[in-house]
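Down below is the structure, laid out as structure tokens.
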Amino acid sequence: MARILCLHGWRTNAAFMERQLAQLKAKLGESEFSHLEGPISGMLAADDDVEQECMPPYYQWWEPLDGVAGQLEAVRYVAEHIRTHGPFDALLGFSEGAACATAVLAALHGAGRGSAEVRQQLKTELADVPRPRLVICVCGIPPDDFRPGCFCFGRGSNKVWQVPVPSIHVVGESDGDRHGSEELAEEWYGVSPAAAKNSDSKIVRHPHGHRFPLDCRQLADAIRELVRKDCAQLGEVSRLAAAGC
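For the sequence shown, the residue numbers in my numbering are 639 to 883.
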């Protein structure tokens, strides 16, 4: 059974994401889904649908005007939750939650575009945080969506120190933020429609907008496949360790 930590979208909350995940949870009944709400509250709902379907308060992960400092605060907030309530096998983020999941895993692995000093400092600071081994980004946006060039902790080299974690990226073909989702996928091991076949990362497409797929079977199958691969790799690591290798 996989333990999955879910990070909701901008100005929504855990209750709203529970509804978004209802079909996927039904298809992954063997998995445990846990929710964390963002550190910033007291905001208006993201849109009328959220307001009608879900009572306040509504949360977000960072304030764009806070720049890198806001990202770092959110990363430490999520990392502390993982430290206290983990380990988790996977992070699942929707929209801004996917950006946050990316920033968290970048910090845990010393990855991203930031300076070597900042990346190493974060990796050392968070060394005792159990690392999720998979990530699912649904209609994700890059962490630098509002501040181009600041992907994961400031302006550093243009080189991307990619996160060595298998990923699934859900892209809505009618989503106005579709290009952001494609860009985010590129940051994960350089995933692209052409390269995805040759990596442990995968893009799942649906014909709708900024939402979960109406039919989650393909997404559920992709998650199961990555979980099976992860379990097989963990089993091999355990066997080698037992053999003293």
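Ideal Cβ positions, reconstructed from N, Cα and C, are used throughout, including at glycine.
Query                                                                                                                : Result
Sheet register partners of alanine 728 (DSSP bridge)                                                                 : Ile642 and Leu772
C-alpha distance - tyrosine 696 paired with proline 770, whole-angstrom precision                                    : 26 Å
Presumed contact (8 Å Cβ cut-off) between glutamine 658 and phenylalanine 732, rounded CB distance                   : 7 Å
Other residues of its chain near serine 679: CB distance less than 6 Å, five sequence neighbours each side excluded  : Pro695 and Tyr697
Where methionine 655 falls, given that 16 or more other Cβ within 10 Å makes a residue buried                        : buried
Pairwise C-alpha distance: glycine 735 and arginine 714                                                              : 14 Å
Sequence-distant residues of the same chain with beta carbon closer than 7 Å to arginine 816, five excluded per side : Val809 and Gly810
Pairwise C-alpha distance: glutamine 871 and isoleucine 841                                                          : 22 Å
Between the CA atoms of glutamate 824 and proline 780 - distance to the nearest angstrom                             : 10 Å
Short Cβ contact (8 Å threshold) for valine 773 with phenylalanine 850                                               : no
Nearest to leucine 764 (by Cα), restricted to the options Ala717, Ala684, Ile642 and Gly708                          : Ala717
CB of leucine 682 within 8 Å of CB of arginine 721, strictly                                                         : no
The beta strand (DSSP E) enclosing serine 805, as first and last residue numbers                                     : 805-810
Inter-residue CB distance, glutamate 670 and asparagine 651 (contact presumed, cutoff 8 Å)                           : Going by Cβ atoms, the distance from glutamate 670 to asparagine 651 rounds to 20 Å, so no, they are not a contact pair.
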